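Comments concern the structure below.
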Ligand code: ATP
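In my numbering, the protein residues as written are 500 to 848.
As structure tokens, then:
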């Protein structure tokens, strides 16, 4: 059964707030999270399999202070983490490994676990984005496919196995009987802005009781579509695929920053109305068309891998912080401030 917020706050009330630690699974954005915590003077715990430990040992400034070795990353050691006053930071791999068990974990976790349910179910996610007043791609019934559409498999797959189809026949040839969603294919430039919602800050770009910060923007490299011109120049025909391989930094025209901040604010405020809010990091996945209109096709209410591009700060944090500020460090900073002010209950569930 899913744990309640009351239970998490009860566990938190037993914590020694002067000895808080930050914990996560050694994967995804862990180096950045541990590095950021180290810069803020917070001790860290890396939940790690025996064979992976040496990988993290190779990065002395990014490795955790302590390793908690497990045989299977699906088994998060709750008792040990509670005994260490640990706050868990959810990232893509932690969400993927723990799956449905994440809601049951009896360890205080940054953010609001309710958001995970809303982002996992694509229909609910669209409801959230629409409640925020954002433009989203049309969802098309397979029998009514009349334009290029992208077909996505259920669950976050990092784009793996997705295909573009233009007719119902093409759809049924590849996806007959499968659990998929069909979306209109958006044409434009992809941009993945990373945000931090701080309920504790009363200045900056206000949203609800706090502020939204634009921390950075990335664009993904996806195989094979992002090198399609080479394939075409080589005279080969190919069928586009969308498997995420890496990320690159993106800086957008300055006149679009207002739209970016407004979108972030709307997503935070809609989350608050629908399921109690999203403190901490989140990301939108967007396509900007030729009229500079943003279309949002996904939201993730956690740290995303694109933030690994700027462990010492981004072209956006440099104007907000006088010290190098990564998303990992921003997380640690907020936890530190909340602990000092006795407001951790605003940040964790
Ligand atoms: P992740 O959870 O890692 O974000 P995912 O499996 O949920 O991945 P999406 O992010 O929804 O998948 O899509 C993967 C990629 O497919 C996107 O990065 C983008 O390049 C492309 N894509 C997704 N939706 C659309 C769309 N409606 N139009 C055009 N391209 C799209």
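For glycine and all other residues, C-beta sits at the position ideal for the given N, C-alpha and C.
Please read these numbers as outputs of a predicted model, since none were measured by experiment.
Legend entry - residue 723, DSSP secondary structure in three states: strand
Inset, instruction - Taking only runs that begin and end inside the segment 721-795, name each unbroken beta strand (DSSP E) of 3 or more residues, in chain order. - result: 741-748, 779-787
Inset, instruction - Have a look at the DSSP bridge pairing and note the partners of residue 682. - result: 638, 649
Inset, instruction - Reducing DSSP to helix, strand and coil, say where residue 528 ends up. - result: Here residue 528 sits in coil by DSSP.
Legend entry - Cβ shell of residue 832 (< 6 Å), same chain only, five flanking positions each side left out: The beta carbon of residue 832 lies closer than 6 Å to those of 539 in the same chain, with the five residues before and after it left out.
Legend entry - Per-residue DSSP class, three states only, for residue 817: helix
Inset, instruction - Check whether the Cβ of residue 682 sits closer than 7 Å to any heavy atom of ligand 1, and report yes or no. - result: yes
Inset, instruction - Verify whether the separation of the beta carbon atoms of residue 738 and residue 722 is less than 8 Å. - result: no
Legend entry - Span of the alpha helix (DSSP H) around residue 628: 621-630
Inset, instruction - State yes or no: is the C-beta of residue 541 within less than 8 Å of the C-beta of residue 588? - result: Against a cut-off of 8 Å, the Cβ pair of residue 588 and residue 541 comes out as no contact.
Legend entry - Beta-carbon separation (whole angstroms), residue 798 vs residue 783, contact threshold 8 Å: 6 Å
Inset, instruction - Let me know if residue 503 comes out buried or exposed under the rule of 16 or more other beta-carbons within 10 Å of its beta-carbon. - result: The residue in question, residue 503, is exposed, as its Cβ has fewer than 16 Cβ neighbours within 10 Å.
Inset, instruction - Please list, in chain order, all residues of the same chain as residue 819 whose beta carbon is under 7 Å from its beta carbon, the five residues on each side excluded. - result: 712
Inset, instruction - Can you tell me which of 624, 606, 789, 764 puts its alpha carbon nearest to the alpha carbon of residue 778? - result: Nearest C-alpha to residue 778: 764.
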